[in-house]
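A.B. asks: Protein chains in written order, with the numbering used here: chain A, 16 to 128; chain B, 28 to 142.
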Amino acid sequence: AQSVAQPEDQVNVAEGNPLTVKCTYSVSGNPYLFWYVQYPNRGLQFLLKYITGDNLVKGSYGFEAEFNKSQTSFHLKKPSALVSDSALYFCAVRASNDYKLSFGAGTTVTVRA
Amino acid sequence: ETGVTQSPTHLIKTRGQQVTLRCSSQSGHNTVSWYQQALGQGPQFIFQYYREEENGRGNFPPRFSGLQFPNYSSELNVNALELDDSALYLCASSLDSGRVTDTQYFGPGTRLTVL
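#1: Determine the chain A residues that contact B/Thr130 at a beta-carbon separation under 9 Å, and present them in chain order.
#2: Chain B partners of A/Ala128, CB-CB under 9 Å?
#3: Could you name the residues of chain A that B/Phe133 contacts, counting a contact when the two beta carbons are closer than 8 Å?
#4: When DSSP builds the beta bridges, which residues end up paired with A/Asn70?
#5: Taking Cβ-Cβ distances shorter than 8 Å, what residues in chain A pair up with B/Gln44?
#6: Decide if the stretch 104-114 of chain A is in contact with the stretch 45-54 of chain A; the criterion is three or more beta carbon pairs, one per stretch, under 8 Å apart.
#7: Are the C-beta of A/Tyr114 and some C-beta of chain B separated by less than 8 Å?
#8: A/Arg109 bridges to which residues according to DSSP?
#9: If contacts are defined as beta-carbon pairs under 8 Å, then A/Gly74 and A/Leu62 qualify, I think. What distance do you get, rounded to the angstrom?
#10: What separation, rounded to the nearest whole angstrom, lies between the Cα atoms of B/Asn33 and A/Val36?
#11: Name, in chain order, the residues that DSSP records as bridge partners for B/Gln9.
#12: For A/Phe89, report the span of its beta strand (DSSP E) as first-last.
#13: Under 9 Å Cβ-Cβ, which residues of chain B neighbour A/Ala16?
#14: Determine the chain B residues that contact A/Gly44 at a beta-carbon separation under 8 Å, and present them in chain order.
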């Protein structure tokens, strides 16, 4: 079985400061990892994914994520947060022999001006 | 915005009724997955359709059923609605179920309220 843990329900940062949203995963075999963002009353918007190769993945809107196999983590980062980054962020994992995404419970990010 | 569309946007039903939700996949995508997102939770996988066949199913009872049409659009049907079925229902399309690395692109969702 595969699972994702997002240990922080909420992350609060000041605009211009670095933003990190944590994610750890459990899966058999090679993991395929994804980050999505959800704005109020909207669907999920894809940010980035790790499939293989470079452990640092760059995605949309200045976000990046670092894959760490030994720590089974895939933390989302942004060097300088914007107020418009305030949203709900989901980490998801897909096993190499599976078809479904398994999501974490989500982390609410609030960026204050 | 993705090219995935869902209808209706909102729906209110009463316990015991039946509901049909619809999804149009992004152009060129042949795989549709459905997820249920209860308030304050992450999406939970219901099932996936690939080339008109159910390709996999999560831990949902048989009263949750689906269809995929030749144009790859899809329906989610829920019979005998229960209060706990109140949730945001998300549809996601991807290029090809056979490629596990494919990204799933989500529609805006249908908010179902069961009274």
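C-beta atoms are modelled at their ideal positions from N, C-alpha and C, and glycine is treated no differently. As the structure is a computational prediction, the values presented were derived from the model and not from experiment.
C.D. replies: Taking the definition as stated:
#1: By 1-based counting over the second sequence, the position of residue 130 of chain B is 103. Phe49, Phe61 and Lys64, listed in chain order.
#2: One-based indexing of the first sequence puts residue 128 of chain A at position 113. Simply none; closest approach about 26 Å.
#3: Along the second sequence, read from residue 1 onward, the residue named residue 133 of chain B stands at position 106. By Cβ distance, chain A contributes Tyr51, Gly58, Leu59, Gln60 and Phe61.
#4: Here residue 70 of chain A refers to the residue found at position 55 of the first sequence. Beta-bridge pairing links A/Asn70 to no other residue.
#5: In the second sequence, counting from the first residue as 1, residue 44 of chain B sits at position 17. The contacting residues do not exist; B/Gln44 stays about 24 Å from chain A at best.
#6: yes
#7: Within the first sequence, numbered from 1, the residue matching residue 114 of chain A stands at position 99. Cβ-Cβ to chain B under 8 Å: yes for A/Tyr114.
#8: Position 94 of the first sequence holds residue 109 of chain A. Paired residues: A/Tyr47.
#9: By one-based count along the first sequence, residue 74 of chain A stands at place 59. By one-based count along the first sequence, residue 62 of chain A stands at place 47. Indeed, because the Cβ distance is near 5 Å, the residues count as touching under 8 Å.
#10: Walking along the second sequence from the start, residue 33 of chain B turns up at place 6. Walking along the first sequence from the start, residue 36 of chain A turns up at place 21. This sequence places Gln at residue 33 of chain B; Asn is not what is there. B/Gln33 and A/Val36: Cα-Cα distance of roughly 29 Å.
#11: This structure cannot speak to residue 9 of chain B, because chain B is shown only from 28 to 142.
#12: Here the question's residue 89 of chain A lines up with position 74 in the first sequence. Run containing A/Phe89: Ser88 to Lys93, per the beta strand (DSSP E) assignment.
#13: Here residue 16 of chain A refers to the residue found at position 1 of the first sequence. What A/Ala16 touches in chain B: nothing, since even the nearest Cβ is about 11 Å away.
#14: The residue labelled residue 44 of chain A in the question sits at position 29 within the first sequence. Correct list: empty, because the minimum Cβ distance to chain B is about 10 Å.
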